[in-house]
Amino acid sequence: MPREHKVLLLLLLLVCAWTVCIASLAPAFDFKETPQRPSRPPGAEERRAHGECADLNNTTWLGYRQQRFNLQVQYLLLTRSNVDCAQRFDRESLGERPSYFNASRPTKVIVHGYRAMGSKPSWVKELARALLRAQDANVLVVDWVYGASFAYNLVVENYKEVAVQISVLINQLQKHGCRLETFHFIGVSLGAHVAGFVGTLFEGKIGRITGLDPAGPMFKGADTFDRLDPTDAQFVDAIHTDSDCEQTTFKFAMKP
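Printed below as a string of structure tokens:
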């Protein structure tokens, strides 16, 4: 038999032997079903495209007139896990803990103030991101644009009701393990007095309240029960960056 035929025959025998070997291993290894990598969680862009990311409300004069007696307070939750895609939850969904909320972390609560034209405060999300860069926390944004817009004197009538609704939220979160001393409220303008009244409702047991330019009109000379006060939390501080036409600021003391 020629040498070339012998080589070819040897190769055929090797192929047959390899086939038999593979067949014998088949029960132990399933080559048809390859393990799949776990799917990656959807990113912020994908979730936003599917309408899963919440945003602050805007309102118009007509919308304000129609909804004046319905404050429509909503809450947006931001954490380091969803910093670019806020999660919305409201009074109807408070029975279940928000999916990103972690009761073991401190909770920052941002409360905006008066909105003269009904527009959403554009600075809120940047403040939330700055807080999350500094600390691993839950950041809750209180959106009460419907009750905070247009007629200032009517808005002032709403602030205590907003505080009561926020207290309902805090009571619910306490049931999931949150402690009052881990809450830090950051209230801007009229939102500072909203935060102060929340503190009053909890008898000063909130951990900290920071008032950023607490609103002066209709609050100067008001009773401490009706405005941000040093007794509203375990630590209360106020930062003033502007003043009225008389160059006077809202007087405030700080309680350590």
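The sequence shown runs -23 to -1, 1 to 233 under mature numbering (1 follows the signal peptide of the UniProt record, and there is no 0). Just so it is clear, CB atoms sit at the ideal spot from N, CA and C, and this is done for glycine as well.
Item to check | Short Cβ contact (8 Å threshold) for Ala215 with Pro191 | outcome: yes
Checklist entry - Got a sec? Which residues, its chain only, sit under 8 Å from Leu178 by beta carbon, not counting five neighbours each side? => result Contacts found: Ala140, Val141 and Ser144.
Next on the checklist: With distance defined between alpha-carbon atoms, name the residue in Arg204, Leu150, Asp200 and Gly154 nearest to Gly176.
Outcome noted: Arg204
Item to check | Range covered by the beta strand (DSSP E) that runs through Lys102 | outcome: Premise fails: Lys102 lies in the alpha helix (DSSP H), Val101 to Ala111, not in any beta strand (DSSP E).
Checklist entry - How many angstroms separate the CA atom of Gln13 from the CA atom of Asn59? => result Only weak support exists for where Gln13 lies, its pLDDT of 44 falling under 50; the coordinates are left without a value.
Item to check | Enclosing beta strand (DSSP E) for Ile186 [first to last residue] | outcome: For Ile186, the enclosing beta strand (DSSP E) begins and ends at Arg185 to Leu189.
Checklist entry - Given residue 236, which residues of its chain have a CB within under 7 Å of its CB, disregarding the five upstream and five downstream residues? => result Missing from the structure shown is residue 236; the chain here goes from -23 to 233 and no further.
Item to check | Every unbroken beta strand (DSSP E) within the segment 77 to 164, with a cutoff of 3 residues, ordered by chain | outcome: 84 to 88 and 115 to 120
Item to check | Straight-line gap, Ala111 to Leu104 (C-alpha atoms, nearest Å) | outcome: 11 Å
Checklist entry - The alpha helix (DSSP H) with Pro196 in it runs from where to where? => result For the record, residue 196 in the displayed sequence is Phe; it is not Pro. Per DSSP, Phe196 lies in no alpha helix (DSSP H) and is assigned neither H nor E.
Item to check | Closest by C-alpha distance to Tyr91, when choosing among Asp200, Lys182 and Gly168 | outcome: Taking Tyr91 as reference, the option from Asp200, Lys182 and Gly168 with the minimal CA-CA separation is Gly168.
Next on the checklist: Given this structure, state the Cα-to-Cα distance separating Gln49 from Val132, to the nearest angstrom.
Outcome noted: 13 Å
Checklist entry - Is Phe162 closer than 8 Å to Val88 when the C-beta atoms are compared? => result Going by C-beta atoms, Val88 is nearer than 8 Å to Phe162.
Item to check | Within 8 Å, strictly: CB atoms of Ile186 and Leu157 | outcome: no
Next on the checklist: Here's a check: name, in chain order, each residue in its chain whose Cβ is nearer than 6 Å to the Cβ of Gly188, leaving out the five neighbours to either side.
Outcome noted: Gly164, Ala169, Leu205 and Ala215
Next on the checklist: I need the DSSP call for Asp203, collapsed to helix, strand or coil.
Outcome noted: helix
Item to check | Candidates Ser81, Thr208 and His217, of which the one nearest Leu150 by Cα | outcome: Nearest option by C-alpha distance: Ser81.
Checklist entry - Nearest-angstrom Cα distance between Leu109 and Phe196? => result 32 Å
Item to check | Extent of the continuous beta strand (DSSP E) to which Phe212 belongs | outcome: For Phe212, the enclosing beta strand (DSSP E) has its first and last residue at Phe212 to Ile216.
Checklist entry - Buried or exposed: which applies to Gly124, given that a residue is buried once 16 or more other Cβ atoms fall within 10 Å of its Cβ? => result buried
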